[in-house]
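Under our numbering, the first residue of the sequence shown carries the number 126, and numbering increases by one thereafter.
Beta carbons: idealized from backbone N, C-alpha and C, even for Gly.
Owing to the predicted nature of the structure, the values given are computational and were not obtained by experimental measurement.
All remarks here apply to the structure that follows.
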Amino acid sequence: MICAVSFTRYGRLYYYAPGPITPRVGDKVLVPTTAGPEVAECIWAPQWVDTYEDAEIGGLDELVGFATPDDLARDERSRERRARARVVAKRQIREQGLPMKVVGVDFVESEKQITVYFSAPQYVDFRELVRTLARELDARIELRQLGARDEARIQGGIGPCGRDTCCSTFLKDFEPVSVRMAKDQDLPVNPLKISGACGRLMCCLKYEHPLYVETKAKAPARGEKVLTPEGPGRVVGLNVPSETVKVRLDETGRTCSCSLASVCGSRQDYETSRKDGSMRWDAE
């Protein structure tokens, strides 16, 4: 079984095995971390997964248990410390005239350490800031500079699709994304249309890219002659998700939409060609 929890409302999801408990959505639970058990909210109730998924997610840590009133009180104190640290850090940055932007604050009570995450366009000498924060907050201070994508992950946001950004919910690692991926998917190479909240290329460009590469390698090229159920014609377009091609008929000049199977011979030949990777498009 598997369940999902989040440390903040609408924050990134973390997956755990429920272990000895069966939490419901909204329950406060304790999850194991390197700094000890921390309070999180159950977002997905435990559910069974099939054999394939179970092999993919094997080795998940188990929940420690339900959060007690003492755990909730400790978590509230930690939230208050983080909120105060954010206010103090912003004030000191403004007073010292540093070109920095506070992105997030983390507090580890067991080690009495406050970590301030910030973004900056260039190198910043923050040694004096560290000393000032340590004196005002009475804790060990660590400052970490983040890149544009990590900043978007911590802050969260809404993508062009209308959903929460992938990096702030389920995406664990950032994978390389290139403009070539947008071109292969026939997307407009316009930075305003293919950039995410971080200003970089959207991570989701990589999701369907392998499908486009595979289909285009097997499909007839633009301008190639094919034989459709309505007569011979030339390919003028390709719709990868629906596995259809647009063909302009030679006889009437009309454009029709045909399935890949209908322009490459019989269904049996089509299925065979998909399995062995050798697809013939000779319609003449």
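Identify which residue in C128, P162, R269, G272 has its Cα closest to the Cα of I146.
Counting from one through the sequence shown, the residue named residue 146 turns up at place 21. Selected option, being the one with the closest Cα: C128.
Rank K237, T294, A344 by C-alpha distance to the C-alpha of L138 and give the top, closest one.
Counted from its first residue, the sequence shown places residue 138 at position 13. Nearest of K237, T294, A344 to L138, Cα basis: T294.
Do L185 and K153 come within 8 Å of each other at the CB atom, strictly closer than that value?
In the sequence shown, counting from the first residue as 1, residue 153 sits at position 28. In the sequence shown, counting from the first residue as 1, residue 185 sits at position 60. No, Cβ-Cβ distance for K153 and L185 is not below 8 Å.
Counting Cβ pairs closer than 8 Å, one from the segment 356–371 and one from the segment 318–327, do we hit at least three?
no
Among P143, Q280, C383, which has the Cα closest to the Cα of R134?
On the sequence shown, residue 134 is found 9 positions in, with the first residue counted as 1. Closest option to R134, Cα to Cα, is Q280.
Determine the closest residue to H334 out of A342, D309, E355, K318, with distance taken between C-alpha atoms.
The residue given as residue 334 occupies position 209 in the sequence shown. Closest option to H334, judged by alpha-carbon separation, among A342, D309, E355, K318: D309.
Taking DSSP as the reference, what is the three-state secondary structure of S293?
For the purposes of this step, residue 293 is taken as the residue at position 168 of the sequence shown. In the structure shown, the three-state DSSP call for S293 is helix.
So the candidates are T353, A259, E220; which of them puts its Cα closest to the Cα of K237?
As a working mapping, residue 237 is identified with position 112 in the sequence shown. For K237, the nearest C-alpha among the options comes from A259.
For the candidate residues V174, A160, G161, whose alpha-carbon lies nearest to that of Y140?
Residue numbering aside, residue 140 sits at position 15 when the sequence shown is read from its first letter. With distances taken between Cα atoms, Y140 lies closest to V174.
Which residues bound the alpha helix (DSSP H) around S203?
Here the question's residue 203 lines up with position 78 in the sequence shown. Counting along the chain, the alpha helix (DSSP H) containing S203 begins and ends at 194–221.
State the CB to CB distance for the pair G358 and D375, rounded to an integer number of angstroms; the pair is presumed to be in contact (CB under 8 Å).
By 1-based counting over the sequence shown, the position of residue 358 is 233. By 1-based counting over the sequence shown, the position of residue 375 is 250. Rounded, the Cβ-Cβ distance is 5 Å, consistent with contact.
Quick one: give me the first and last residue of the alpha helix (DSSP H) that K341 is part of.
Within the sequence shown, residue 341 is the residue found at index 216, counting from 1. From DSSP, the alpha helix (DSSP H) with K341 extends over 334–343.
Going straight from the alpha carbon of I266 to that of R206, what length do you get?
Sequence index remark: in the sequence shown, residue 266 carries index 141 (1-based). Sequence index remark: in the sequence shown, residue 206 carries index 81 (1-based). The straight-line gap from Cα to Cα measures roughly 13 Å.
Tell me the residue span of the alpha helix (DSSP H) that contains E261.
One-based indexing of the sequence shown puts residue 261 at position 136. Unbroken alpha helix (DSSP H) run through E261: 252–262.
Counting pairs of Cβ atoms below 8 Å between the segment 316–324 and the segment 269–285, do you hit three or more?
yes
Which of helix, strand or coil does DSSP assign to K331?
Working through the sequence shown from its first residue, we reach residue 331 at position 206. It is helical.
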